[in-house]
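In full-length UniProt numbering, the protein residues as written are 1 to 353. All residues carry an ideal CB built from backbone N, CA and C; glycine is no exception. Remember, it's a predicted structure, so these values are computed and weren't measured experimentally.
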Amino acid sequence: MREGSLPHVVGAARGLPSESGAVRLAVRSGWVGLPEWVAPMLATPVSSLPPAEQDALWSYEFKWDGVRALARVRGGRVRLVSRLGNDVTAAYPEVQGLGAQVGAAEVLLDGEVVALAGGRPSFAALQRRIHATGAQVRRLVARVPVTYLVFDVLHLDGRSTVGLPYARRRELLESLGLRGGHWLTPPAFAGAGPEVLAASREQGLEGVVAKRLDSPYTPGVRSPHWIKITEVAAREVVVGGWRPGVGRREGVVGALLLGVPGEGGLVFVGSVGTGFSDGELAALTRRLRSVEAGRSPFSGQVPVARARGARWVRPVLVGEVVHRGWTREGRLRFAVWRGLRTDKAPEEVRGLG
1 MREGSLPHVV
11 GAARGLPSES
21 GAVRLAVRSG
31 WVGLPEWVAP
41 MLATPVSSLP
51 PAEQDALWSY
61 EFKWDGVRAL
71 ARVRGGRVRL
81 VSRLGNDVTA
91 AYPEVQGLGA
101 QVGAAEVLLD
111 GEVVALAGGR
121 PSFAALQRRI
131 HATGAQVRRL
141 VARVPVTYLV
151 FDVLHLDGRS
161 TVGLPYARRR
171 ELLESLGLRG
181 GHWLTPPAFA
191 GAGPEVLAAS
201 REQGLEGVVA
211 KRLDSPYTPG
221 VRSPHWIKIT
231 EVAAREVVVG
241 GWRPGVGRRE
251 GVVGALLLGV
261 PGEGGLVFVG
271 SVGTGFSDGE
281 LAALTRRLRS
291 VEAGRSPFSG
301 QVPVARARGA
311 RWVRPVLVGE
321 VVHRGWTREG
331 RLRFAVWRGL
341 RTDKAPEEVR
351 GLG
């Protein structure tokens with residue numbers, strides 16, 4: 001096993017006290033048809049692990065820096081659906097093999113699509129797959145392969161499992177034995193918060209997601225029963241405009257003007273001009289031109305130096321940046337672009353509170 005590969009990252013954590021189980025759900029009366037989609041349950045961002053005295057009540061998983069996707073598997077075929085309910089099956093053809101492993105079972109799985117760069121999950125690498133279509137997808141399958149990481153089961157052979165506690169759903173998921181060339185069930189660890197967080201840091205991962213063992217799956221809810229602790233200061237933002245570049249960036253984006261929702265509308269929080277790849281700049285510029293607007297979408301005044309020469313857009317695009325905190329004026333410090341979040345809607349972006 002190559003050091004730095006995703007299986008290596010997963011395997012390196014196997015020494016932790018993992019939950020386990022191999023219990024299949026018996027088919028009962030009252031068969032319920034397999035749903036097309038369920039709005040995913042969301043984790044609440046927090047700054048620290050649960051208190052030590054509550055550690056045993058939680059299970060811990062690594063945060064993988066990918067995009068959320070539900071997999072509807074029926075008749076050996078896999079349909080992937082994004083967090084917003086969009087069909088993304090064609091974007092990730094290598095995941096189709098999961099259907100053969102599931103076999104005759106009908107399941108709805110929750111998970112995350114990740115891509116690797118330097119042996120680590122990389123959202124920047126995944127960006128190349130998110131926006132690819134047709135022949136581009138076929139070329140990128142070999143260059144930028146993805147892995148579907150399955151962490152929950154929402155429906156299994158005629159029964160909804162969302163009302164079951166997480167611990168039971170995890171047993172059912174592990175009983176399916178999902179592991180292949182482009183999919184696997186990553187480990188979860190009960191009562192081991194500090195150890196998992198330390199392992200995340202050691203492996204260079206994004207952080208930890210903690211889930212209450214007794215919690216049901218609440219579709220579409222950002223629940224306190226799921227929490228996420230990130231190791232980098234990452235934040236989602238809404239793109240409100242852009243400034244054309246100069247020199248080698250002439251004709252494409254030089255900087256994006258960013259905002260977050262506020263009481264009076266979109267609040268300006270700064271700009272970002274670094275972190276873009278050359279290929280991404282061209283695609284992003286085309287996307288921005290398609291949503292141009294005649295006036296600023298920001299509720300307040302944008303500083304003159306930032307607004308000069310700006311091209312305004314409708315506030316419909318969500319992106320992600322990493323940064324080093326905030327200024328007194330409520331601006332992002334040293335923001336670096338990570339990519340568009342096509343899996344998220346503007347109204348989901350957190351405000352400044």
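Residue i in three-state terms, based on DSSP
i	result
residue 267	strand
residue 103	coil
residue 93	helix
residue 308	coil
residue 343	coil
residue 138	helix
residue 352	coil
residue 292	strand
residue 21	Caution applies to residue 21, whose pLDDT of 36 falls short of 50 and renders its modelled position unreliable; the value that the coordinates give is listed next. DSSP places residue 21 in coil when its eight states are reduced to three.
Unbroken beta strand (DSSP E) run spanning residue i, endpoints
i	result
residue 187	Note, residue 187: premise wrong, no beta strand (DSSP E); not H, not E.
residue 62	58-63
residue 79	77-82
residue 317	311-322
residue 340	336-340
The alpha helix (DSSP H) enclosing residue i, as first and last residue numbers
i	result
residue 278	278-289
residue 32	Segment: none, residue 32 is in no alpha helix (DSSP H) and carries neither H nor E.
residue 123	123-130
Min CB distance residue i to chain C below 7 Å
i	result
residue 175	No chain C appears in this structure, which consists of one protein chain only.
Residues sharing a beta bridge with residue i, DSSP
i	result
residue 44	227
residue 109	71, 153
residue 117	120
residue 332	326
residue 272	256
residue 87	81
Proximity test, residue i beta-carbon vs the ligand PLP heavy atom, cut-off 6 Å
i	result
residue 40	Here there are no bound small molecules, and the ligand PLP is not part of this structure.
| query | Do the region 46-64 and the region 180-199 make contact, defined as three or more Cβ pairs closer than 8 Å? | reply | yes
| query | Does the region 149-163 touch the region 189-197, meaning 3 or more C-beta pairs lie closer than 8 Å? | reply | no
| request: Jot down the residue ranges of each uninterrupted beta strand (DSSP E) in the UniProt domain "ATP-dependent DNA ligase family profile" (143-262), minimum 3 residues, whole runs only, in chain order. | output: 146-156, 207-212, 222-230, 234-244, 253-262
| task | Take every Cβ of the region 314-329, pair it with every Cβ of the region 234-242, and state whether three or more of those distances are shorter than 8 Å. | result | yes
| field | Inter-stretch contact at 8 Å, needing at least 3 Cβ pairs: the region 216-235 / the region 29-44 | value | yes
| query | Using 8 Å as the Cβ pair cut-off and three pairs as the minimum, do the region 267-283 and the region 330-345 touch? | reply | yes
| said: For the structure I just gave you, are there three or more beta carbon pairs, one from the region 97-109 and one from the region 69-83, closer than 8 Å? | reply: yes
| task | Assess, as a yes-or-no matter, whether the region 82-89 is touched by the region 131-148 under the definition of 3 or more beta carbon pairs within less than 8 Å. | result | The region 131-148 makes no contact with the region 82-89; the number of CB pairs closer than 8 Å stays below 3.
| query | Counting Cβ pairs, one atom from each stretch, are 3 or more of them under 8 Å apart for the region 247-260 and the region 205-220? | reply | The region 247-260 is not in contact with the region 205-220.
| query | Would the region 117-126 and the region 165-176 be scored as touching if the rule is three or more Cβ pairs under 8 Å? | reply | Look at the beta carbons and you see the region 117-126 not touching the region 165-176: under three pairs across the two are nearer than 8 Å.
| said: Could you check whether the region 292-311 touches the region 91-98, counting it as contact only if at least three pairs of C-beta atoms, one from each stretch, sit closer than 8 Å? | reply: Cβ pair count under 8 Å is below three, so no.
| Are the region 196-204 and the region 162-170 touching, with three or more C-beta to C-beta distances below 8 Å? | no
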